[in-house]
Structures are given as structure tokens and as C-alpha cells.
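Have a look at the structure below before the remarks.
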Amino acid sequence: MKTKTTELNQILGHYKILKPDVQLILDDEKYFSLNGDISCNRNYYTTDRLTAPPEVKFKTKMKFEPKLLVWMAVSQKGISSIYVHRSTISIKQETYLHDCIRKRLLPFINRHHKNDNILFWPDLASSHYSKQVQQFLQANQIKLVQRQENPPNVFQARPIETIWSLLEQKVYEGA
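Be aware that the sequence shown starts at 77, since it is given in our numbering, and climbs by one per residue.
Structural data, given as C-alpha cells:
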């Protein structure tokens, strides 16, 4: 994991080339299935489709499967405390504001970035850009990457995605 920490610092450090006085803080959440299925593996495998049992061919699935939400924020100076919540839906703005921003991001900033010029870079989830969240961040003088300036699907620029990828490999190892 040491090499991944170094990689994270290098990627975050590239932003400092453009804005040398800015400390970048990223946040994101990941959902982990609780039913043992791997979301990208929705097919079945067989040597003979005619002999495959119906319970393999036609496995039922709930509309809103239970899942585990894991949220965190990262910067060059560390990782926030992690929020874990069992859920069947995406994160709501109230949960995001109360349990992620107020309880975890703000203490992380106060502990590691009290006197830093920071820029907070959330992903594009609608709850992250709700009016309530934006007002709270502004009231606490936390600069935010504006939604229109936040590029979608740029995994290479968001090292937190690498962390999720490594964690997902460990969680579903042997599945």
C-alpha cells in the first residue's frame, strides 16, 4: 500500500503545479453489494445451455438490493474518518451533509488543513452539489470545484478512484 500512497501523493501533487498554494481534498463514496454478486458479472457460465438449471439461468434480483455505502475524503495529508452505512438507495443530501461533511470532512480539514488554502473536489453526485451542501461549504469557507468545472469520468485525475479499485478487489476477492 506504500506505493499506492506515494502514487496518491504524486497525483495530488500534479495539481500543485497548476496551483502551488492549493491543497486539494477529494471525496467519494462507493457501494458494495451485500448479496455476494459482483455487479459487472450478471451472466451465468455453462458448457451446455440446455442442461443449466433454471435457478442458475433465471436468478431473481430485488429492485433495490441492499448495499454498503462507504464514504471518505483524501488529501496529501491523509484520509478522513470513514462513514459506513447500510442502504438500498444512493446517498441523500441530508445524509451527505450531516454524516459526511459535518461529522467527517470538517474535522478532517480542521485537523490537517486548518491554515491551508484548500479546494474541495467532490464527485458529481447530485447530493454533493445540493443547495444545502453548497451553502454549508460556503459558510465554512471551503472552496468547492464548481459542478460545471468538474469533469465526469476522469478516473486518472481522481486518485480516490484507485483506492476504491484496490478496496473492491480485496472485498470481492475469491467471489
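C-beta: ideal position from N, C-alpha, C; glycine also.
Query                                                                                     : Result
Distance between Q217 and E105 (C-alpha atoms, nearest Å)                                 : 23 Å
Residue closest to L144, alpha-carbon to alpha-carbon, out of I167, S157 and V150         : I167
For F196 and K219, believed in contact at Cβ under 8 Å, the rounded distance              : 7 Å
Beta-carbon proximity list for L200, same chain, < 8 Å, skipping 5 on both sides          : R223, N226 and P228
Simplified DSSP assignment, three categories, for H189                                    : coil
Residue(s) in a DSSP beta bridge with F196                                                : I101 and L220
Residue(s) in a DSSP beta bridge with I155                                                : V150
Y248, DSSP secondary structure in three states                                            : coil
Beta-bridge pairing of L213 - partner residues as DSSP gives them                         : Paired residues: none, contrary to the question.
Exposure label - I194; buried when at least 16 CB within 10 Å                             : buried
Check whether V209 and L182 have beta carbons under 9 Å apart                             : no
From I177, L102, L110 and S203, residue whose alpha carbon lies closest to that of I236   : L102
Where L110 falls, given that 16 or more other Cβ within 10 Å makes a residue buried       : exposed
Cβ separation of H188 and K153, assumed to be a contact under 8 Å, to the nearest whole Å : 4 Å
As assigned by DSSP and simplified to three states, the class of L173                     : helix
Top-ranked residue by Cα proximity to P142, from H161, A128 and T127                      : H161
Cβ pair L213, V146 closer than 9 Å                                                        : no
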